[in-house]
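Encoded as structure tokens, the structure appears first; notes follow it.
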Amino acid sequence: MGMEGIGARVTRKEDKRFITGAGRYVDDMVVPGMKHAVFVRSPHAHAQIKKIDVKQAQAMPGVVAVLTGKELKADGIGNLICGWMIHSKDGSPMKMGAWSPLAFDRVRYVGDAVAIVIADTKGEARDAAEAVEVTYRELKAVVDAVKALEKGAPQLHPEADNNLIFDWEIGDAKATDAAIKSAHHVTRMKIVNNRLVPNAMEPRAALGHYDKGEDHYTCWTTSQNPHVARLVMSAFYNVAPENKLRVIAPDVGGGFGSKIFIYPEEVVCLWASKKAGVPVKWVADRTESFLTDAHGRDHHSTVEMAFDKNNRITGLKVDTVANLGAYMSLFSSSVPTYLYATLLSGQYNIPAIHANVRTVYTNTAPVDAYRGAGRPEATYLIERTIETAARELGVSPAELRRTNFITQFPHQTPVIMCYDAGDYGASLDAAMKAADYAGFTKRRDKARKAGKLRGIGMSCYIEACGIAPSAAVGSLGAGVGLWESAEVRVNAVGTIEVLTGSHSHGQGHETTFAQLVAGRFGLPIDSISIVHGDTDKVQMGMGTYGSRSGAVGMSAIVKALDKVEAKAKKIAAHLMEADEGDIVIENGALKVAGTDKNVPWFQMALAAYTAHNLPGGMEAGLKETAFYDPTNFTFPAGCYICELEVDPETGLTEIIQFVAADDFGNIINPMIVEGQVHGGIAQGVGQALLEGAFYDTSGQLLTASYMDYTMPRAGDLPSFKVSTSNTPCPGNPLGIKGCGEAGAIGSPPAVINALTDALGIADFTMPASPSRVWAAAQKH
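Just so we're on the same page, our numbering is the position in the sequence shown counted from 1, plus 1.
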């Protein structure tokens, strides 16, 4: 392990440009002749479009064009799609309603785009957008997923009777029902996982440019997976042939899943560029982000957890209604099914599990993956239930979990997943020690004397990362493969460029990926460049989400490095007249083991390109490509403990300490991992205590600004105690499991378990705002 290689706490290379204002985001891009776009959006949650009058807007100063959905449809632009097919338990396919990038007949949520205005300046476009006259016939709306299933509820799509998209199940219903019927004890709960708005630092943006001379399109966009965006826009939306479309995702200021998807704005900006004959840039304002970015979570579930007389779990039955909003977003169907229900075993050995999931259309923003995507919902359900069960059974929450931990691996769960490796007891022990769990009673008594209510809660989470192999996810309905690609180019002077299909939007890939190469060849990290985010530069790749960049993206780099190393050793052996098997690479040189003979790395690279003295039959150059498709998911796991105090007079909740003990497998850069955990916990605490997207009954979003939607601030959070106890993953060459989503998965149940402990109640619906906590405390 070198000072800059695997395991080193290397500061992030990319941060210099970010903190000095030198980052290059979509809004920084300027194309000659570029104009600015503003979308006309529906003020109604549900309405028929009777007429769109654009004449007054077209005549306003600076306006280049005003375009509507009828023109878009006439040009053959396709509807947006969901790319993961789910079948109901009766075998019927999911009911995917039509989603035109510009609505032309009906709008189905507040913010649905109906027209685009293009003008010289954004101000002129905004003024003209206000002059577009749209005549609506307002219809009744429904925003609650459970109510949307009721007879007589407003219907959103003709394809989906009673707004039901699919009715899906997994597991063994008969065995689970039998376990519940014969149980010594059954814990029953109703659990709501609150709707969230992702709130990435950089709002979404798109710049579409059609080059008439080349008959070629370029789209700069805030995307987590530019290659998938190009594929979908060409193959399904008919924007342009794939070979005539370049998608560039430059620096992207955060994604958290919400920038995986292809939104209407990218499609419309590209189409409008050709239609209007000018490059078209759109940048969302923050209210647009609240209204139109894909939201997260929004599950209503009932759960039954059965125990035998020895407090071992014998069965788990779950019924979930998942709100998918007005339209099916790109991966929305996978979130409450294969990313949620397959993790309902948690860290526990549960012999019988059955889950039924119904997904529903409502007059709200579409719902899709948000940091964790299904895994937070599963963990919250399991960990709230087992904590409640411990209180009902009168046993220690820690020991009830330990009694039910999986201890032998590999372990096949009843809901598809096969856990490959782990040591859940080690994480539990580490977290309890760091939190001084045994000393909590004294601290509670002291707090009570001061008039405060103190509680402690834990959460033992597991997640599935990597989302592969491709053949497996394909059999489950995924429309794409989930492998990853890499190309390693050794230049003639020995510097290295790594082209990766992964995409970095805050994860630190330019550092960690370079560390991998630096450690492999003993080279300075500054001699290694990471290239990503441009479909014209980088080979086809699948992007970044699901904590896959390390386990899948870096494994592809390893495969390419293996090929580079093999060729480099052949060249060095030839130059030194040595046996190839005796060549080792150390400290930037290729050496003959046991001798002082060596060839510097740069000299070997130069020899590869001058080609004056290569082994017979060897091609010149040193560049290798690899594709890596995992054999299994990876399974990060851990234990989180939250200790908090409630002021019963004000309802204010203060987190006193938060402990995270994670198992991420082997770690490339501990500092970056800690940062990822910190950020995830902040988001999880935000969900538990502060955040919530709320609509009124007419479909108006009541939390469409930071005045109403409360984000966590530094003062809301303690200094986290984080540690790792790593069990290497046997399924990839680096032993990596992934770390990007863990904090957001494990923290909400830990916080709510601590809160309910403090208040002495069984349940509490997130977010635990001061007014809600105060009301509950008065009953304490």
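We put the beta carbon where it would ideally sit given N, CA and C, even for glycine.
Look at Tyr381 here: in three-state DSSP terms it is helix. According to the DSSP assignment, Gln49 belongs to the beta strand (DSSP E) that extends over 48-54. For Tyr629, DSSP records a beta bridge to Glu485. Taken in chain order, the unbroken stretches of alpha helix (DSSP H) that lie wholly in the stretch 321-404 and span 4 residues or more are 376-394.
Scanning its chain for C-beta atoms nearer than 6 angstroms, with the 5 sequence neighbours on each side dropped, one finds around Asp299 the residues Arg196, Asn324, Val368, in chain order. Separation of the CB atoms of Ala473 and Ala557 is rounded to 18 angstroms, and the pair is thereby denied contact status at 8 angstroms.
Under the DSSP assignment, Phe659 falls outside any alpha helix (DSSP H), being part of the beta strand (DSSP E) whose first and last residues are 654-664. For Pro227, the enclosing alpha helix (DSSP H) begins and ends at 227-236. At a Cβ-Cβ threshold of 8 angstroms, Gly534 and Pro227 count as neighbours. In the three-state reduction of the DSSP assignment, Met86 falls in the coil class. Following the DSSP letters along the chain, one finds Asn599 inside the beta strand (DSSP E) bounded by residues 599-601.
The DSSP-derived three-state label of Ala126 is helix. With a cutoff of 8 angstroms on beta-carbon distance, Gly687 and Ala661 are scored as not near each other. Using a Cβ-Cβ distance cut-off of 8 angstroms, the stretch 659-673 and the stretch 725-733 are in contact, since at least three pairs of beta carbons, one from each stretch, lie closer than that value. Just measuring C-alpha positions, the residue of Gly520, Ile657, Gly456, Pro631 sitting nearest Ala465 is Pro631. In this structure, the CA atom of Val319 is about 6 angstroms from the CA atom of His355. Counted as a single uninterrupted DSSP element, the stretch harbouring Ala241 is not any alpha helix (DSSP H), since DSSP gives it neither H nor E. Annotation for Ile558: the continuous alpha helix (DSSP H) segment containing it runs 556-577. Assigned with DSSP and collapsed to three states, Lys450 falls in helix.
In this structure, Ala277 lies near Val65, with their beta-carbon atoms less than 8 angstroms apart. Beta-bridge annotation (DSSP): Cys220 is paired with Gly209, Val248. For Cys643, the uninterrupted beta strand (DSSP E) segment begins and ends at 638-647. Residue pairing by DSSP places Gln413 opposite Cys419 in a beta bridge. Nearest to Pro265 by alpha-carbon distance, out of Val115, Asp145, Glu388, is Val115. Between Leu702 and Leu292 a beta carbon distance of about 6 angstroms is seen, short of the 8 angstroms cut, so the two are scored as contacting. In this structure, Asn364 lies near Ala142, with their beta-carbon atoms less than 8 angstroms apart. For Ile746, the enclosing alpha helix (DSSP H) begins and ends at 743-760.
The C-beta distance from Val361 to Val322 rounds to 6 angstroms, short enough to meet the 8 angstroms contact threshold. Boundaries of the beta strand (DSSP E) harbouring Gly172: 165-172, taken from the DSSP string. Its chain contains Tyr218, Thr219 as the residues whose beta carbon lies nearer than 8 angstroms to that of Asp212, once the 5 sequence neighbours on both sides are disregarded; these appear in chain order.
Rounded to whole angstroms, Gln49 and Ile78 show a C-alpha spacing of 21 angstroms.
Secondary structure at Arg773: helix, using DSSP grouped into helix, strand and coil. The shortest C-alpha to C-alpha distance from Ala561 to any of Val187, Phe514, Ile656 is the one to Phe514.
About 14 angstroms separates the Cβ atoms of Arg372 and Phe262, ruling out a contact at the 8 angstroms cut-off. Look at the stretch 498-549 and you find these whole runs of alpha helix (DSSP H), each 4 residues long or longer: 510-522. Two segments are said to touch when three or more pairs of C-beta atoms, one from each, lie closer than 8 angstroms; by this definition the stretch 406-423 touches the stretch 333-349.
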